[in-house]
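*Asks:* To start, I am sharing the structure in question, which I have written as structure tokens.
There are 2 protein chains.
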Amino acid sequence: MQRLIKLKEPIPASGKGKRASHVYRIAAEIMCQKGYEGTSMNDIAEAAGLTKAGIYHYIRGKEELLFEIMTYAMDNLDQRIVAPAQELADPEKRLRAIVESHTRSLLEGVGAITIVLEEMPALTPTHRRVIKARKRTYFDFIRQTLQELESEGKLRDINPTTATFSLLGMILWISRWYRRDGKLSAEEVLKDYVDIAINGLLKMDRVSSKR
Amino acid sequence: MQRLIKLKEPIPASGKGKRASHVYRIAAEIMCQKGYEGTSMNDIAEAAGLTKAGIYHYIRGKEELLFEIMTYAMDNLDQRIVAPAQELADPEKRLRAIVESHTRSLLEGVGAITIVLEEMPALTPTHRRVIKARKRTYFDFIRQTLQELESEGKLRDINPTTATFSLLGMILWISRWYRRDGKLSAEEVLKDYVDIAINGLLKMDRVSSKR
DNA sequence: GTCTATAAACGGATAGAC
DNA sequence: GTCTATCCGTTTATAGAC
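Just so you know, the sequences run in chain order A and B. FYI, the numbering for the first sequence is 1 to 211, going by this note's numbering. FYI, the numbering for the second sequence is 212 to 422, going by this note's numbering.
Next comes the structure, spelled out in structure tokens:
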């Protein structure tokens with residue numbers, strides 16, 4: 001089975017060392033495929049080459065494991081997407097950068113962890129609040145960009161909130177269908193996605209549609 | 212908690228009568244909220260006003276229940292979206308009809324069952340093959356439409372397969388964020404979605420962007 | 001048809017040997 | 001660090017009374 005996730009940087013499991021981050025990485029991969037509830041500690045242990053009991057040397061519990069994976073995913077999002085985009089003053093360039101970097105992250109398998117972000121109901125109320133706030137911040141970052149484009153008269157006559165959701169929907173869906181060993185290269189998908197997103201949201205043709 | 216699903220026609224539970232379809236409907240609602248693995252037979256029984264044991268009078272097992280819900284969801288998709296769209300010879304009108312009816316289905320909560328279509332790993336291999344084939348047929352119906360638009364020179368210079376996935380992503384995501392009791396009316400979201408989809412996929416501005 | 005009771009398996013998690 | 005053994009709650013599913 002294909003690896004959905006390829007974490008280049010190990011998850012820093014609270015400073016517990018290499019083996020620990022290995023367990024986190026394995027867990028993230030399996031949970032992305034089978035969902036949180038569908039993944040047993042046994043599944044994780046087996047894939048990590050340990051027994052169910054052995055795994056508790058590295059983690060405190062299943063829910064906490066999920067929370068740490070989600071936290072890592074959000075950190076990754078901030079570093080790879082938000083931070084570089086924030087440097088760009090022009091909202092159109094910023095939007096383009098967001099679409100490009102988020103799409104690329106998912107195509108490369110890095111950050112495919114974002115699907116784990118759908119497992120909100122499995123979190124404790126406290127943890128859920130933390131992740132919810134971080135997701136909200138990212139959402140608002142994109143919406144803010146679209147609102148700037150709106151006041152510049154560049155956005156289509158669409159609601160910025162609706163636009164943000166539609167954009168995130170089409171991007172996040174990538175982790176559900178894209179296979180790195182399939183027919184479509186990451187480069188062509190990336191190009192098409194930017195094309196579709198920019199033209200779907202902004203007025204006038206802004207991408208020189210050449211192939 | 213909000214009802215994600217509103218089944219107007221009861222699920223035809225293999226000709227077992229009214230009460231049976233009630234159980235199926237309840238089960239579909241809960242599974243849409245908590246996922247297949249996160250839903251216990253007890254949850255379903257309680258919501259249906261029965262005991263866990265009592266429910267087995269109507270169903271053969273949990274997996275079979277899921278399979279029947281999925282089958283109903285696909286039937287619904289065929290009747291509400293594919294059948295009407297197939298009448299349209301012009302691919303642009305057909306695309307518009309597909310986007311409109313699929314988006315509307317999700318906004319209304321009818322057919323929100325489509326999220327259950329994500330529970331593929333929970334199915335037995337045989338059942339999974341059946342649903343997979345039906346999903347594939349729907350996907351191909353949309354891609355075929357985009358290919359016709361491509362040969363008419365109306366599609367952007369994008370891969371029709373990638374375009375289909377991006378369209379489905381933004382549409383299916385609706386069931387994750389849209390709340391009927393929220394600020395956005397179904398009508399405005401629908402209008403925006405058609406606008407974004409058509410302009411994202413087709414060359415030139417085709418929607419008179421007025422508000 | 002719907003219940004109580006219960007079987008059988010599986011889940012997360014811990015104790016304690018090595 | 002990693003194992004075996006085990007606890008205990010929960011799960012799906014069935015048997016059998018009413």
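Ideal Cβ positions, reconstructed from N, Cα and C, are used throughout, including at glycine.
#1: Can the beta-carbon of S232/B be found less than 7 Å from the beta-carbon of I241/B?
#2: State buried or exposed for H102/A, treating a residue as buried only when at least 16 other CB atoms are found within 10 Å of its CB.
#3: Report the start-end ranges of each alpha helix (DSSP H) in the region 92-180 of chain A that is 4 residues or longer and not cut off at the edges.
#4: Take R315/B as the anchor and find which of A344/B, R291/B, T375/B, K229/B has the nearest alpha-carbon.
#5: Does D254/B get closer than 7 Å to chain A when you measure Cβ to Cβ?
#6: Measure the CB-CB distance between E359/B and P302/B and report whether it falls below 7 Å.
#7: Using 10 angstroms around the beta-carbon of S185/A, count the other beta-carbons present and answer buried if the total reaches 16, otherwise exposed.
#8: With DSSP run on the structure shown, which of helix, strand or coil describes L50/A?
#9: Quick one: Cα of D192/A to Cα of K183/A, how far?
#10: If we cut at 7 Å on Cβ distances, does M74/A have a partner in chain B?
#11: Just to confirm, are I196/A and G411/B a CB contact at a threshold of 7 Å?
#12: Using only the alpha-carbon positions, how far apart do T137/A and I59/A sit?
#13: Under the three-state reduction of DSSP, which class applies to L299/B: helix, strand or coil?
#14: In chain order, what residues of the same chain have a beta carbon less than 8 Å from the beta carbon of I158/A, not counting five sequence neighbours either side?
#15: Does the region 331-345 of chain B come within contact of the region 274-283 of chain B, defined as at least 3 CB pairs closer than 8 Å?
#16: Report the residues of the region 163-194 of chain A with a CB closer than 9 Å to any CB of chain B, ordered along the chain.
#17: Applying the criterion that 16 or more other CB atoms from any shown protein chain within 10 Å of the CB defines a buried residue, is P332/B buried or exposed?
#18: Taking all protein chains shown into account, decide if M415/B is buried (16 or more other Cβ within 10 angstroms of its Cβ) or exposed.
#19: Quick check on Y56/A: buried or exposed, where buried means 16 or more other Cβ atoms within 10 Å of its Cβ?
#20: As an exercise, report each continuous beta strand (DSSP E) stretch of at least 3 residues that is fully enclosed by the region 228-274 of chain B, in chain order.
#21: Below 7 Å between beta carbons is the criterion; list the residues of the region 260-280 of chain B that meet it against any residue of chain A, in chain order.
#22: Using the C-alpha atoms, what's the distance from T162/A back to E398/B?
#23: What is the DSSP secondary structure of L184/A, counted as helix, strand or coil?
#24: Measuring only the C-alpha atoms, how far is Y178/A from T262/B?
#25: Under 7 Å Cβ-Cβ, which residues of chain A neighbour I369/B?
#26: Got a sec? Which residues, its chain only, sit under 7 Å from A308/B by beta carbon, not counting five neighbours each side?
#27: Can you check whether the C-beta of K135/A is within less than 7 Å of a C-beta belonging to chain B?
#28: How long is the line joining the alpha carbons of D181/A and L107/A, rounded to whole angstroms?
#29: Would you mind working out which of G380/B, R354/B, V234/B, L379/B sits nearest A256/B, comparing C-alpha positions?
#30: Would you grab the beta carbon distance between T145/A and L77/A for me? Rounded to a whole angstrom, and I think it's under 8 Å.
#31: Return no unless some Cβ of chain A is closer than 7 Å to the Cβ of P174/B.
#32: Can you find the residues in the same chain that come closer than 8 Å, C-beta to C-beta, to G35/A, ignoring five residues on each side of it along the sequence?
*Replies:* A quick look at the data gives this:
#1: The count along the second sequence starts at 1 and reaches residue 232/B at position 21. The count along the second sequence starts at 1 and reaches residue 241/B at position 30. A distance of 7 Å or more separates the beta carbons of S232/B and I241/B.
#2: As a first step, residue 102/A is located in the first sequence; it is residue number 102 there, counting from the start. Answer is buried; the Cβ neighbour count reaches 16.
#3: 125-151, 160-172, 174-177
#4: Position 104 of the second sequence, counted from the start, is the residue given in the question as residue 315/B. Minimum Cα distance to R315/B is reached at R291/B.
#5: Numbered from 1 along the second sequence, position 43 holds the residue referred to as residue 254/B. Not closer than 7 Å to any Cβ of chain A, the Cβ of D254/B fails to qualify, so no.
#6: Along the second sequence, read from residue 1 onward, the residue named residue 359/B stands at position 148. Along the second sequence, read from residue 1 onward, the residue named residue 302/B stands at position 91. Result yes, Cβ atoms of E359/B and P302/B sit closer than 7 Å.
#7: For this step, residue 185/A is matched to residue 185 along the first sequence. Burial state of S185/A is exposed, judged by a 10 Å Cβ sphere holding fewer than 16 other Cβ atoms.
#8: Counted from its first residue, the first sequence places residue 50/A at position 50. In this structure, L50/A counts as coil in the three-state DSSP scheme.
#9: In the first sequence, the residue the question calls residue 192/A occupies position 192. In the first sequence, the residue the question calls residue 183/A occupies position 183. Roughly 15 Å between the two C-alpha positions.
#10: Numbered from its first residue, the first sequence carries residue 74/A at position 74. Residue-level contact by beta carbon fails for M74/A and chain B, as no gap is shorter than 7 Å.
#11: Counting from 1 along the first sequence, the entry for residue 196/A is found at position 196. Counting from 1 along the second sequence, the entry for residue 411/B is found at position 200. Yes, Cβ-Cβ distance for I196/A and G411/B is below 7 Å.
#12: Walking along the first sequence from the start, residue 137/A turns up at place 137. Walking along the first sequence from the start, residue 59/A turns up at place 59. In a straight line, the C-alpha of T137/A is about 28 Å away from that of I59/A.
#13: Reading the second sequence from its first residue, position 88 is the one you call residue 299/B. Three-state result, L299/B: coil.
#14: Mapped onto the first sequence, residue 158/A falls at position 158. L201, listed in sequence order.
#15: yes
#16: Shown in chain order are the members of the region 163-194 of chain A whose Cβ falls below 9 Å from a Cβ of chain B: A163, F165, S166, L167, L168, G169, M170, I171, L172, W173, I174, R176, W177, Y178, K183, L184, E188, V189, K191, D192, Y193.
#17: Translated into positions along the second sequence, residue 332/B becomes position 121. Under this definition P332/B is an exposed residue.
#18: Reading the second sequence from its first residue, position 204 is the one you call residue 415/B. It is exposed - the Cβ of M415/B has fewer than 16 other Cβ atoms within 10 Å.
#19: On the first sequence, residue 56/A is found 56 positions in, with the first residue counted as 1. So Y56/A counts as exposed.
#20: Entirely contained in the region 228-274 of chain B, not one beta strand (DSSP E) run reaches 3 residues.
#21: none
#22: Taking the first residue of the second sequence as position 1, residue 398/B is located at position 187. Taking the first residue of the first sequence as position 1, residue 162/A is located at position 162. E398/B and T162/A: Cα-Cα distance of roughly 12 Å.
#23: Here residue 184/A corresponds to residue number 184 of the first sequence, with the count starting at 1. Three-state DSSP puts L184/A in coil, outside helix and strand.
#24: On the first sequence, position 178 is the one that residue 178/A refers to. On the second sequence, position 51 is the one that residue 262/B refers to. Near 42 Å, if we compare the C-alpha coordinates of T262/B and Y178/A.
#25: Start at 1 with the first residue of the second sequence, and residue 369/B comes out as number 158. Neighbours of I369/B on chain A, chain order: D192, D195, I196.
#26: Looking up residue 308/B in the second sequence gives position 97. Correct list, in chain order: P295, A296, L299.
#27: Counted from its first residue, the first sequence places residue 135/A at position 135. It does not; no Cβ of chain B falls within 7 Å.
#28: As a working note, residue 181/A is residue 181 in the first sequence. As a working note, residue 107/A is residue 107 in the first sequence. The straight-line gap from Cα to Cα measures roughly 11 Å.
#29: By one-based count along the second sequence, residue 256/B stands at place 45. Selected option, being the one with the closest Cα: V234/B.
#30: The residue given as residue 145/A occupies position 145 in the first sequence. The residue given as residue 77/A occupies position 77 in the first sequence. 15 Å between Cβ atoms; not a contact.
#31: With chain B running from 212 to 422 in the structure shown, residue 174/B is simply not present.
#32: The residue you call residue 35/A lines up with position 35 of the first sequence. Closer than 8 Å at Cβ, skipping near neighbours: E119.
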